[in-house]
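Okay, so here's the structure we're looking at.
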Amino acid sequence: MVTAASGHLCYFRIVPFTRFVRGKVAALVVFGLAAGASAAVPDLQTPGSGPLTVEETPGDRVKVTTDHWRMEFDLRNGGALDSIVFFHGSGKNVLVQPFRTYMDAWSDYDAPRTTFHSSRQGSVATLEFTGALGAPGRTEGPAQFHTVWTISPLTVRVDQTLRLSSDVSATTVGIGSTAVRGDLNEYGIRTGPADLPDGGKTIAASYGKSARTGAVLIGEHHAPLYLIFFHRYLEGIDFSTGSDLASWESGLTQRAGVGRFEAKPSEDGSAIEIRREPLALLSPATIRKGEYTFSYYLGLPAIVEKSNRKWRHVAFGHHPWPSDDLIRRWSESGVNIARLHNDYVADENFWHDGAWPPYDEKGMAELRRVIATCHRYGIQIVPYFSIHEFHPTAQGYAENEQQWKRSVDQAGTVLHNHIRQGEYGAQMCLQSGWLARREADVEKAYRELNFDGIYYDWGASLPCNNKNHNAKWHTGTDGMIELLAWTRRLISPRGTLILHLSGWYPSIAYENYGDLIVNMEESASGERMPRMDEMALMSVLVESAPRSPCPWGGPADQLVAHNKNNIAQMAVLGLFPWSLQDGPAADETFKLFRAFQPYKLEDYRLFNADSGAVRSAWPDVFGAMYSSESQALVVVSNTSGEHRKNVMWRVRPESLGFGRSATVTVKDTASGRSVAEPWSALEDGSMSTELDGYEYRLFEIHPSR
Ligand SMILES: [Zn+2]
């Protein structure tokens, strides 16, 4: 339970905007661009992440295929990406317009000739397209393009270079502008740090839904950190700017805020046009002779038919350490992964990020006992690491603070994440020696204590202007990808990586590295009981990596009620929240785990509450179905606090994984009672149950034998 000693729910890791004293104005001052400077491409090798094939039809098409998607490039038109298809999404092309890179009327799409070269190393393919930008009619323009796609099954990175052999005057430069289908109607953005009053200390994502009116959805002059376009539960893509944010912001002319980053539905609503233009002016600007590279990640979700929904996840601390008896009870409830989450306690006895060993001899002995006991009960155990926080008391902090710190103001203020009288740690930037240090910390803990994987908190791209890394705006995005790929190599082949990615800092590019995604932190502290229709896009997204939402973390006297409310909704969305180690709120989560314990959900296909596979006549009673060839599992959940005496439920027979039979057996798993019903009973409204407030029930359905 949340004891008086631990005193708080230690997973609230985002320091609210209001906590910061407003920093000095972070005026964006750019002192010249190193022409041709481009960041190193992270090492994307990740063993065991599935196949990746590259097929070329010379002079025509290049296709890159994984288990999850196929991308196609058009060699007749500059090598432009013109198709993205998700096999377990709609199966239709997400793109309505190809990716285009252009300078006024000249575009890679109209290139007179395109040279293609590809290479392969392990699971990573590199595609290079080179030519001259051309005007319609294939007239050669004044700039050369060199487009490099570095593609692994998990990551797609683009380095788009423009080469000018002499100064050029232009009003507009676009990098990978495109259009997606209009039904990708939810969008989100994290703006860039320029012009923000706090200098970009925290930049949370904003989300919206397209109303298809032709209104501008996104309209920014500064380069954003992030953009997402998604059809909830179906498919979508996102864009994360590479670490060299300044190249997008001011690279072409040394002037900031001269771009156009825009998303706008087309007149007929069939498309959402996405412009990514680092330069968009009314009167021409001079772009000096030289080479300009713009890097970004194209996030393609690993959409599957059946999510690996096997994880039942508990977090624990050491005030007190879990007893062997408690660990046995976790196991009996179906818990199969536990994370040591111990990043702050008021008495200062906690695992200070960066410290080793984390505890005294007695504490280390207890930790070893907990690890061994978890293993005995078949529970994996992983330690908490913050990707960005370094505690000032840890070894190496004092001598490296100035070199490694993340800063956002001209004074280079160190950003401490304070909590009560203490702190979680100070924020470091991954574009520094901090990355190697963090890897060393993680590896030491992983190997010395026989952990089964890693849990990462603070999975986010954060802007920084520490001049020891780069005085111009940069982010840790490349370092994040580097760290995540490195971690997958570290824990290969069997280790488990849990990523905490909140809706504040979304990223499909990062999600793809996780076996389990912890999310919904942004909903976990609200005072209101969240409702089904308020589920945020990133909380549910699509069938890919399973998600483990944060339990509600408000006042103790409301914990049980809030968690019952939340679980009643998660139960029909395929979400299994992580649990506190014990206590009444945890008991609600363990009850959920036990209800599903008999089923290997990873072998079932989910039709969630939004799918229409299960319906009731109550507006606040929802249903979901897990289907397989031998049986289906129907979940009916009362998301209101009111008792519902008569809940009729119906199923859509096509969603059952098996064919029509004369009779079906329906078993209420709560009572254990089975009844044989005619097939028609599934649809005619004769199935009914009774549900208490926030109660959910499971029904097994299989053809009568
Ligand atoms: Zn930095």
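Residue numbers (the working numbering): 1381 to 2085. Each residue gets a CB set at the ideal place from its N, CA and C atoms; glycine is no exception.
*V1548 - containing beta strand (DSSP E), residue span*: The continuous beta strand (DSSP E) containing V1548 extends over residues V1548 to R1561.
*asked:* Given 7 Å as the limit, tell me if S1812 has its C-beta closer than that to any heavy atom belonging to ligand 1.
replied: Checking every heavy atom of ligand 1 against the Cβ of S1812, one is found closer than 7 Å.
*Check T1867 in the structure and name its three-state DSSP category.*
Looking at T1867 - three-state DSSP - the assignment turns out to be helix.
*Put R1827 into one of helix, strand or coil per three-state DSSP.*
Helix at R1827.
_Bridge partner(s) assigned by DSSP for N1945_ = Here N1945 is not bridged, per DSSP, to any residue.
*Of the choices Y1777, E1436 and S1557, whose alpha-carbon is the least far from that of R1456?*
Nearest C-alpha to R1456: E1436.
*Is it buried or exposed for Q2106, if we count other Cβ within 10 angstroms and need 16 for buried?*
A question about residue 2106 goes unanswered here, because the residues of the chain that appear run from 1381 up to 2085.
*Kindly indicate which three-state DSSP category D1423 falls into: helix, strand or coil?*
Coil at D1423, not helix or strand.
*Would you check whether ligand 1 has a heavy atom nearer than 7 Å to the C-beta of N1846?*
Flag set: Cβ of N1846 near ligand 1.
_Cβ neighbours of A1965 in the same chain (closer than 6 Å, five flanking residues each side left out)_ = These residues qualify, in order along the chain: L1939, V1940 and N1943.
*Since I believe R1786 is in contact with V1768 (beta carbons under 8 Å), could you give me their beta-carbon distance rounded to a whole number of angstroms?*
The question names Val, yet the displayed sequence has His at residue 1768. That belief holds up - the Cβ atoms of H1768 and R1786 are roughly 7 Å apart, short of 8 Å.
*With a threshold of 16 other CB atoms inside 10 Å of the CB of N1830, please say whether the residue is buried or exposed.*
Exposed: under 16 other Cβ atoms inside 10 Å.
*Residue from P2058, H1699 and L1870 whose Cα sits closest to the Cα of P1427*: Cα-wise, what sits closest to P1427 is L1870.
_Limits of the unbroken alpha helix (DSSP H) element including V1750_ = Looking at the DSSP string, the run of the alpha helix (DSSP H) that includes V1750 is E1741 to R1756.
*Residue ranges of each alpha helix (DSSP H) within the region 1624-1662, 4 or longer*: Counting whole runs of 4 or more residues, the region 1624-1662 contains the alpha helix (DSSP H) stretches 1625-1630.
*Where do the ends of the alpha helix (DSSP H) carrying M1918 lie?*
Per DSSP, M1918 belongs to the alpha helix (DSSP H) from L1917 to V1920.
*From the DSSP output, in three-state form, read off F1619 for me.*
In the displayed model, F1619 falls within a strand according to three-state DSSP.
*Pick from Q1961, P1573, M1483 and L1747: whose alpha carbon is nearest that of A1660?*
For A1660, the nearest C-alpha among the options comes from M1483.
*Helix, strand or coil for M2028 per DSSP?*
Reduced to three states, the DSSP call for M2028 is strand.
*Thinking C-beta only, is R1537 closer than 8 Å to Y1677?*
Contact: yes.
*Taking C-beta to C-beta, are A1806 and F1765 nearer than 8 Å?*
In this structure, A1806 lies away from F1765, with their beta-carbon atoms at least 8 Å apart.
*Spell out the partners DSSP gives I1717 in its beta bridges.*
I1717 is bridged to H1693 and Q1760.
_Given this structure, state the Cα-to-Cα distance separating V1401 from H1497, to the nearest angstrom._
Interpretation of V1401 is limited by its pLDDT of 26, a score under 50 that renders its predicted location unreliable; the figure taken from the coordinates is listed afterwards. If you take the alpha carbons of V1401 and H1497, they lie about 51 Å apart.
*Reference R1656; option with closest CA among I1555, E1629 and L1680*: Sorting I1555, E1629 and L1680 by C-alpha distance to the C-alpha of R1656 places I1555 at the top.
*Note down the Cα distance separating P1926 from L1879, rounded to an integer number of angstroms.*
Distance between the alpha carbons of P1926 and L1879 is about 11 Å.
*Can F2038 and R1692 be called in contact, C-beta distance under 8 Å?*
Result no, Cβ atoms of F2038 and R1692 do not sit closer than 8 Å.
_From R1709, E1803 and N1688, residue whose alpha carbon lies closest to that of N1722_ = If we check each option's Cα against that of N1722, E1803 comes out closest.
*Work out the CA separation of P1681 and A1951 for me, nearest whole Å.*
Roughly 23 Å separates the two Cα atoms.
*Would you say V1786 touches ligand 1, meaning its beta carbon is less than 7 Å from a heavy atom?*
It is Arg, not Val, that sits at residue 1786 in the sequence shown. It does: the Cβ of R1786 is within 7 Å (strictly closer) of some heavy atom of ligand 1.
*Enumerate in chain order the residues of its own chain whose CB-to-CB distance from A1840 is below 6 Å, with the five nearest sequence positions on each side excluded.*
Answer for A1840: Y1885, listed in chain order.
*Is the distance from the Cβ of L2071 to the Cβ of V2016 below 8 Å?*
Between L2071 and V2016, the C-beta gap is smaller than 8 Å, which places the two residues in contact.
*asked:* Does W1814 come out as helix, strand or coil in the three-state DSSP assignment?
replied: Note: W1814 maps to helix in three-state DSSP.
*Among P1929, S2060 and L2013, which residue has its Cα nearest to the Cα of Q1977?*
Taking each of P1929, S2060 and L2013 in turn and checking the Cα distance to Q1977, the smallest one comes out for L2013.
*What three-state label does DSSP hand K1443 in the structure shown?*
Note: K1443 maps to strand in three-state DSSP.
*In chain order, what residues of the same chain lie with their CB nearer than 6 Å to the CB of V1548, ignoring the 5 residues before and after it?*
Shown here for V1548: same chain residues with a beta carbon closer than 6 Å to its own, the five before and five after excluded, namely P1522 and I1667 in chain order.
*Can you tell me where the beta strand (DSSP E) with F1610 in it begins and where it stops?*
Element bounds for F1610: Y1606 to H1611.
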